[in-house]
Amino acid sequence: MTPPFNLSGSKALITGAGSPTGIGYASAKLLCQMGASVYITGASDRLNDRVSELKAEGFTVEGCVADLTEFSAAETVVSNALAFLGGLDIVVNNAGMTSVNAPMQEVGEAGDGASMSVDGWHNSIARNLNSAFYITKLSLPHLRESSAGRVIMMSSLTGPVMAIRNDVAYGATKAGMVGLTKSLAVDEAKHGVTANAVAPGWIQTASQSISEGHEGGSTPMGRSATPEEVAAVVGFLASREASYITGQVIVIDGGNSISEQRTIR
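Counting from 19, one number per residue, gives the positions in the sequence shown under my numbering.
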């Protein structure tokens, strides 16, 4: 009898897995530990280090560097993933945000509805929403052939649930990911493919600013989440045990969105 939460034989594609402290890499590592073969991608050469680290642990993994704001790059990623994996069962769309070395303020993606530049708006849409659509569109024909196809979107608390000042583009893209998720859930149910979104709040990664760390401290749990805590939800949604869950948004915020009081600890 197969033990629960076992992904042996499953084939997964995970985007945005280049950061050693990020959600994408934590998700890739967990899915490998659960038995899946994994193909990962990231926007910079540090992705190659993540591939080497996972291979050193004996996992079946490969990956490539790609700018997923370009449809042609997404085509290459999915083609390479299929060549390595021999199929697809799980897609985790984690690519998005900006680099820790190029925060939103520096690349013109921060601002309110009046001050947001048109270029910044389009860049945020391309990075956070278009990339997820491209990878999903290209993967769906193969996910439909799986007996347990899964699409998992890495959305955010910002946008679908709450809002932050001067973050209009990011909030819109992450809310858009939820809309995409729900549409996919309805369309793909007849093919046995589920689609769900994960909405993290404050997460302790290399890209978390000092002020964001303080915000994490003001949640009822008194801290930011770890990438591994978010990855655990990804692992559950990827499993066969989550086969009847679709079109949902799983919030991981330490109770932040339900608390009327804020206390910095």
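Heads up, the beta-carbon is just placed ideally off N, CA and C, and yes, glycines get one too.
Which value, in whole angstroms, describes the spacing of the CA atoms of Asn214 and Met172?
Numbered from 1 along the sequence shown, position 196 holds the residue referred to as residue 214. Numbered from 1 along the sequence shown, position 154 holds the residue referred to as residue 172. So the alpha carbons of these two residues sit roughly 9 Å apart.
If you compare alpha carbons, which of Gly131, Gly76, Gln222 and Ser165 is closest to His209?
One-based indexing of the sequence shown puts residue 209 at position 191. When only C-alpha atoms are compared, the closest one is Ser165.
Mind reading off the beta-carbon distance from Leu25 to Met52? Whole number of angstroms is fine, and I expect it under 8 Å.
Here the question's residue 25 lines up with position 7 in the sequence shown. Here the question's residue 52 lines up with position 34 in the sequence shown. Between Met52 and Leu25 the Cβ distance is about 4 Å, and since that is below 8 Å, they are a contact.
Applying the criterion that 16 or more other CB atoms from any shown protein chain within 10 Å of the CB defines a buried residue, is Ala217 buried or exposed?
Taking the sequence shown and counting its residues from 1, one reaches residue 217 at position 199. Ala217 is buried by the Cβ-count criterion.
For the ligand SAM, any of its heavy atoms closer than 7 Å to the Cβ of Lys155?
The model depicted lacks the ligand SAM and carries no ligand whatsoever.
I need the straight-line Cα distance from Ala120 to Leu147, nearest angstrom please.
Within the sequence shown, the letter at position 102 stands for residue 120. Within the sequence shown, the letter at position 129 stands for residue 147. Residue placement at Ala120 is flagged as unreliable, the pLDDT there being 47, under the threshold of 50; a coordinate-derived value is accordingly withheld.
Can you tell me which of Leu103, Ser70, Gly60 and Gly104 puts its alpha carbon nearest to the alpha carbon of Leu86?
Numbered from its first residue, the sequence shown carries residue 86 at position 68. Out of Leu103, Ser70, Gly60 and Gly104, Gly60 has the C-alpha closest to the C-alpha of Leu86.
Among Pro21, Pro178, Ser55 and Arg68, nearest to Gly42 - alpha-carbon criterion
Reading the sequence shown from its first residue, position 24 is the one you call residue 42. Out of Pro21, Pro178, Ser55 and Arg68, Arg68 has the C-alpha closest to the C-alpha of Gly42.
How many Å lie between Ile10 and Ser133 at the Cα?
Coverage of the chain is limited to positions 19 through 283, which leaves residue 10 absent and any answer about it impossible.
Supposed contact pair Val109 and Ser157 - C-beta distance, whole angstroms, cut 8 Å
Here the question's residue 157 lines up with position 139 in the sequence shown. Here the question's residue 109 lines up with position 91 in the sequence shown. Contact holds; Cβ gap of about 5 Å.
Once DSSP output is grouped into helix, strand and coil, what is the label at Val269?
Within the sequence shown, the letter at position 251 stands for residue 269. Here Val269 sits in strand by DSSP.
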